[in-house]
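S.K.: One structure, pasted below without further comment.
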Amino acid sequence: MLPERREYPRPQFRRDEWMSLNGSWEFCFADADDGQKRGLATGRKKLGMTINVPFTYEYPASGIGDETAHPVVWYRRETELPRLAGKRALLCFNGCDYETDVWVNGEHVVSHCGAFAPFHADVTDFLKAGKNVIVVRCRDSLDPAHPRGKQSWKDGKPFGCWYVPNTGIWQSVWMEFFGADCITARSLIPDTETCSISGEIVTMYGKADEAEICVRFHDKEIKRERISLDGRRTPYMVRMKEPDSVDETHYWSPEHPELFYVDFTLYANGKVTDVAHTRFGMRKIGFDVDGRVRLNDRPYYQRLILDQGYWKESGLTPPSVEAIRRDIELAKAMGFNGARKHQKFEDPYFYYLAEEMGFLTWCEMPSAYEYCAEEVAALTAQWQEIIQEACNFTSVVCYVPLNESWGVRKILTDARQQDFGRAMYRLTKAIDPSRPVSTNDGWENPEETDIISIHDYAKLGDGFDKKYTPDTYDTVYPNGERRLMQKGCSYCGQSVIFSEFGGIAMQKDVGGGNWGYNDAARSEEEFLSRYESLMQGIASCDFDGFCYTQLTDVQQEVNGLLDEEHNPKFDMDAIRSRTLIFSKKK
11 MLPERREYPR
21 PQFRRDEWMS
31 LNGSWEFCFA
41 DADDGQKRGL
51 ATGRKKLGMT
61 INVPFTYEYP
71 ASGIGDETAH
81 PVVWYRRETE
91 LPRLAGKRAL
101 LCFNGCDYET
111 DVWVNGEHVV
121 SHCGAFAPFH
131 ADVTDFLKAG
141 KNVIVVRCRD
151 SLDPAHPRGK
161 QSWKDGKPFG
171 CWYVPNTGIW
181 QSVWMEFFGA
191 DCITARSLIP
201 DTETCSISGE
211 IVTMYGKADE
221 AEICVRFHDK
231 EIKRERISLD
241 GRRTPYMVRM
251 KEPDSVDETH
261 YWSPEHPELF
271 YVDFTLYANG
281 KVTDVAHTRF
291 GMRKIGFDVD
301 GRVRLNDRPY
311 YQRLILDQGY
321 WKESGLTPPS
331 VEAIRRDIEL
341 AKAMGFNGAR
351 KHQKFEDPYF
361 YYLAEEMGFL
371 TWCEMPSAYE
381 YCAEEVAALT
391 AQWQEIIQEA
401 CNFTSVVCYV
411 PLNESWGVRK
421 ILTDARQQDF
431 GRAMYRLTKA
441 IDPSRPVSTN
451 DGWENPEETD
461 IISIHDYAKL
471 GDGFDKKYTP
481 DTYDTVYPNG
491 ERRLMQKGCS
501 YCGQSVIFSE
511 FGGIAMQKDV
521 GGGNWGYNDA
531 ARSEEEFLSR
541 YESLMQGIAS
551 CDFDGFCYTQ
561 LTDVQQEVNG
571 LLDEEHNPKF
581 DMDAIRSRTL
591 IFSKKK
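With the first letter of the sequence shown counted as 1, position 568 gets the number 578 in our numbering; the numbers rise by one all the way through.
Have a look at this one:
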């Protein structure tokens with residue numbers, strides 16, 4: 011039986027009136043990109059295959075499972091809508107890769123470029139009574155200048171640490187309903203100093219003239235406030251009485267993931283036109299005067315696991331919400347208090363459950379791999395879309411715009427690429443100044459970064475305390491080839507996090523293209539000994555956290571703590587004891 015995704019797709023900003031469009035769609039390949047000439051956009055022509063949305067054709071969960079690269083795919087679905095009764099209809103996509111066009115009853119309604127951010131369109135004026143036809147075309151080339159994360163660009167074939175691609179619709183599709191106007195974007199930033207939330211409300215048409223914000227904590231209403239709206243964009247601030255001004259038990263942390271619940275209600279001429287539900291954790295992530303990471307103004311050591319978010323049967327698309335929950339539960343059981351979600355902006359349920367379960371997350375821009383004007387334009391545009399979503403998740407505590415100089419391979423010395431890295435840091439801060447940024451995670455760090463990040467896949471942790479000190483940061487080469495700092499840049503006292511290491515595979519799993527870092531471990535005892543050595547080495551250094559590679563095996567990269575089915579490979583308690591004991595800041 012094929013998996014189904016029937017839950018409401020955007021839990022962090024939920025509307026009550028909606029209908030799922032996941033499930034069976036007609037589907038076809040159009041390698042020559044001649045679909046419009048063939049009349050596919052009209053919706054009058056049926057397609058020759060079926061696909062299980064939101065899973066991509068490359069993976070078995072789609073019902074197809076064809077790993078051949080196809081640059082253009084088409085989707086078609088007939089659907090009966092509920093009677094609108096004066097409501098308007100918003101057609102929503104959580105993620106499509108890469109260039110997407112959508113038609114409703116033969117009329118073009120929206121275009122979107124980028125694989126990892128959601129988009130929507132008001133399709134009310136294109137709908138009719140009875141049957142409606144939605145058609146989607148996705149173009150997804152192998153161009154390395156396009157942000158693609160870990161998807162292979164070499165004929166779509168997996169190699170190294172890049173995997174079988176995901177083409178087309180890979181996250182949920184749905185329709186939701188509202189009145190004369192609705193909220194299309196919002197930001198919600200908590201402030202522990204003033205016990206307030208602030209941000210901006212953006213409406214679709216500017217017809218709403220008031221918004222009511224209702225805040226609840228432990229099922230008790232603690233604030234209800236109306237604000238006047240001025241045009242489409244209105245800033246707001248809502249102050250609340252602190253629930254616990256002595257012990258601050260209302261603060262969010264992985265140990266105590268307390269959440270406040272918020273209802274936004276829009277009014278136009280006294281009539282309700284939109285209602286949406288969200289939540290937040292009252293927490294602050296920042297640094298002390300010495301540059302050390304603090305959570306809620308207290309030292310906090312991050313024990314992260316690198317999580318690439320792949321599943322054997324469904325690729326980048328989680329098979330279910332419960333699968334996401336189980337991954338977080340297993341990571342926490344192994345002693346980790348967060349994840350660096352690597353080269354992917356994940357299904358929103360990941361961040362939603364992380365804030366509910368007490369789990370830190372890092373938000374990373376999926377890389378492109380060829381520095382050029384097109385790459386610069388794509389990365390900056392798509393990163394803005396991602397931040398505007400990520401900023402509303404309490405669990406997100408760090409942004410990573412670049413990784414290991416991917417797409418900026420000459421950033422060590424090239425002034426243009428260095429300027430681009432600095433620009434990505436400043437762009438991130440311009441949109442959300444409330445979170446730290448690791449500008450180029452791994453090595454060749456600029457001075458314009460809040461975190462100095464280190465990637466070192468040493469076999470053992472011996473000598474870390476001498477290799478990594480404030481006196482060596484300017485000249486050390488973490489992987490033997492790439493400097494920790496860009497030339498002309500010096501360590502300025504920033505927080506240092508050992509953000510990739512480990513990657514130990516088992517001997518029984520390697521071979522035939524499968525691999526891990528260094529020699530494979532011949533037994534579980536050898537694996538645990540090496541894992542312990544690495545943790546001891548990290549504990550001997552003055553770091554503010556670490557990130558172990560990695561949570562699960564991913565296709566040919568078989569160095570996970572869980573296998574490709576997301577089941578534990580090792581004794582969980584043995585992993586946990588080593589993850590915790592040798593972190594001197596627990």
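Every residue, glycine too, gets a C-beta built ideally from N, C-alpha and C.
Note that this is a predicted model, so its numbers are computed, not measured.
Taking the continuous alpha helix (DSSP H) assigned at MET434, which residues delimit it?
M.R.: By one-based count along the sequence shown, residue 434 stands at place 424. 425–441 is the span of the alpha helix (DSSP H), which, as asked, contains MET434.
S.K.: Any idea what DSSP makes of GLY49, helix, strand or coil?
M.R.: Within the sequence shown, residue 49 is the residue found at index 39, counting from 1. Here GLY49 sits in coil by DSSP.
S.K.: Could you tell me the alpha carbon to alpha carbon distance between ALA364 and GLY49, rounded to whole angstroms?
M.R.: Counting from one through the sequence shown, the residue named residue 364 turns up at place 354. Counting from one through the sequence shown, the residue named residue 49 turns up at place 39. About 44 Å.
S.K.: Between GLU542, TYR487 and GLU36, which lies nearest to ASP472 when the distance is taken from Cα to Cα?
M.R.: Taking the sequence shown and counting its residues from 1, the one referred to as residue 472 is at position 462. It is GLU542.
S.K.: Applying the criterion that 16 or more other CB atoms from any shown protein chain within 10 Å of the CB defines a buried residue, is ALA349 buried or exposed?
M.R.: One-based indexing of the sequence shown puts residue 349 at position 339. When all chains shown are included, ALA349 counts as buried.
S.K.: Buried or exposed: which applies to GLY209, given that a residue is buried once 16 or more other Cβ atoms fall within 10 Å of its Cβ?
M.R.: For this step, residue 209 is matched to residue 199 along the sequence shown. That one is buried.
S.K.: Can you give me the C-alpha to C-alpha distance between LYS294 and VAL406, rounded to a whole angstrom?
M.R.: Counted from its first residue, the sequence shown places residue 294 at position 284. Counted from its first residue, the sequence shown places residue 406 at position 396. Between LYS294 and VAL406, the C-alpha separation is close to 11 Å.
S.K.: Would you mind stating whether ILE326 and HIS352 have Cβ atoms separated by less than 9 Å?
M.R.: Your numbering for residue 326 matches position 316 in the sequence shown. Your numbering for residue 352 matches position 342 in the sequence shown. Note that residue 326 corresponds to Leu in the displayed sequence, not to Ile. Going by C-beta atoms, LEU326 is not nearer than 9 Å to HIS352.
S.K.: Using a Cβ-Cβ cutoff of less than 8 Å, which residues in the same chain neighbour LYS56 once the five nearest sequence positions on both sides are dropped?
M.R.: The sequence position of residue 56 within the sequence shown is 46, counting from 1. Hits under 8 Å: GLU36 and ARG86.
S.K.: Please determine, among SER539, ASP484 and TYR381, the residue with the shortest C-alpha to C-alpha distance to ALA155.
M.R.: Indexing the sequence shown from 1 puts residue 155 at position 145. Among SER539, ASP484 and TYR381, the Cα nearest to that of ALA155 is on TYR381.
S.K.: What's the gap between the Cα of ASP481 and the Cα of ALA388?
M.R.: Translated into positions along the sequence shown, residue 481 becomes position 471. Translated into positions along the sequence shown, residue 388 becomes position 378. Going from the Cα of ASP481 to the Cα of ALA388 covers about 38 Å.
S.K.: Specify the secondary structure class of ILE179 as computed by DSSP and reduced to three states.
M.R.: Walking along the sequence shown from the start, residue 179 turns up at place 169. In this structure, ILE179 counts as strand in the three-state DSSP scheme.
S.K.: Taking C-alpha atoms, which residue in ILE461, TRP416, THR479 and MET516 lies nearest to ARG492?
M.R.: In the sequence shown, residue 492 corresponds to position 482, counting from 1. Of the listed residues, the one whose Cα sits closest to ARG492 is TRP416.
S.K.: Within this structure, are the beta carbons of GLN504 and ASP460 separated by less than 9 Å?
M.R.: The residue you call residue 504 lines up with position 494 of the sequence shown. The residue you call residue 460 lines up with position 450 of the sequence shown. Against a cut-off of 9 Å, the Cβ pair of ASP460 and GLN504 comes out as a contact.
S.K.: Pick helix, strand or coil for LEU544, following the three-state DSSP scheme.
M.R.: Working through the sequence shown from its first residue, we reach residue 544 at position 534. Of the three classes helix, strand and coil, the one that applies to LEU544 here is helix, per DSSP.
S.K.: What is the residue span of the beta strand (DSSP E) that PRO358 lies within?
M.R.: Within the sequence shown, residue 358 is the residue found at index 348, counting from 1. Looking at the DSSP string, PRO358 is not in any beta strand (DSSP E); the run it does join, the alpha helix (DSSP H), is 358–367.
S.K.: Go ahead and pull the three-state DSSP assignment for GLU88.
M.R.: Start at 1 with the first residue of the sequence shown, and residue 88 comes out as number 78. Of the three classes helix, strand and coil, the one that applies to GLU88 here is strand, per DSSP.
S.K.: By Cβ distance, which residues of its chain are closer than 8 Å to TRP28, with the 5 residues on each side in sequence left out?
M.R.: As a first step, residue 28 is located in the sequence shown; it is residue number 18 there, counting from the start. Once the five neighbours on either side are set aside, the close Cβ partners of TRP28 are TYR18, TRP184, MET185, GLU186 and PHE187.
S.K.: With a cut-off of 8 Å on the beta carbons, I'd call THR60 and GLY116 a contact; round off their distance for me.
M.R.: Translated into positions along the sequence shown, residue 60 becomes position 50. Translated into positions along the sequence shown, residue 116 becomes position 106. Rounded, the Cβ-Cβ distance is 21 Å, inconsistent with contact.
S.K.: Just to check my reading of the structure: ILE3 and ALA127 have Cβ atoms closer than 8 Å, yes? What is that Cβ distance to the nearest angstrom?
M.R.: Any answer about residue 3 is impossible in this case: the structure gives the chain only from 11 up to 596.
S.K.: Classify ASP107: buried if its beta carbon has 16 or more other beta carbons within 10 angstroms, exposed otherwise.
M.R.: Indexing the sequence shown from 1 puts residue 107 at position 97. Buried, since its Cβ has 16 or more Cβ neighbours within 10 Å.
S.K.: Between the beta-carbon of ALA341 and the beta-carbon of THR275, is there less than 9 Å?
M.R.: Translated into the one-based positions of the sequence shown, residue 341 becomes position 331. Translated into the one-based positions of the sequence shown, residue 275 becomes position 265. Cβ distance not < 9 Å, so ALA341 and THR275 don't count as in contact.
S.K.: Which word fits TYR246, buried or exposed, when buried means at least 16 other C-beta atoms lie within 10 angstroms of its C-beta?
M.R.: Within the sequence shown, the letter at position 236 stands for residue 246. That one is buried.
S.K.: For a quick check, are the C-beta atoms of ALA463 and SER509 less than 9 Å apart?
M.R.: Reading the sequence shown from its first residue, position 453 is the one you call residue 463. Reading the sequence shown from its first residue, position 499 is the one you call residue 509. One point to set straight first is that residue 463 is Ser, not Ala, in the sequence displayed. In contact: SER463 and SER509 (Cβ atoms closer than 9 Å).
S.K.: Give the list of continuous alpha helix (DSSP H) stretches no shorter than 4 residues that lie fully inside the stretch 322–394.
M.R.: Runs found: 331–343 and 358–367.
S.K.: By Cβ distance, which residues of its chain are closer than 6 Å to CYS373, with the 5 residues on each side in sequence left out?
M.R.: To locate residue 373, count along the sequence shown from 1; it is residue 363. The answer, listed in chain order, is ALA400, VAL406 and TYR409.
S.K.: Pop quiz: LEU91 and ALA131 are said to be a contact at Cβ under 8 Å. What is the actual Cβ separation, rounded to whole angstroms?
M.R.: For this step, residue 91 is matched to residue 81 along the sequence shown. For this step, residue 131 is matched to residue 121 along the sequence shown. The pair is not a contact, with the Cβ atoms about 15 Å apart (cut-off 8 Å).
S.K.: Run through DSSP, which three-state label would MET582 get?
M.R.: Taking the first residue of the sequence shown as position 1, residue 582 is located at position 572. In this structure, MET582 counts as helix in the three-state DSSP scheme.
S.K.: How far does the alpha helix (DSSP H) with ASP475 in it extend, from its first residue to its last?
M.R.: In the sequence shown, counting from the first residue as 1, residue 475 sits at position 465. Here the alpha helix (DSSP H) through ASP475 covers 474–477.
S.K.: What are the boundary residues of the beta strand (DSSP E) that includes GLU36?
M.R.: Locating residue 36 in the sequence shown gives position 26, counting from the first residue. Start and end: 33–39.
S.K.: Between GLU534, PRO456 and VAL256, which lies nearest to LEU494 when the distance is taken from Cα to Cα?
M.R.: For the purposes of this step, residue 494 is identified with residue 484 of the sequence shown, where counting begins at 1. Here the closest residue by C-alpha is PRO456.
S.K.: Rounded to the nearest angstrom, what separates ILE207 and TYR271 at their Cα positions?
M.R.: Looking up residue 207 in the sequence shown gives position 197. Looking up residue 271 in the sequence shown gives position 261. Each residue's alpha carbon lies about 12 Å from the other.
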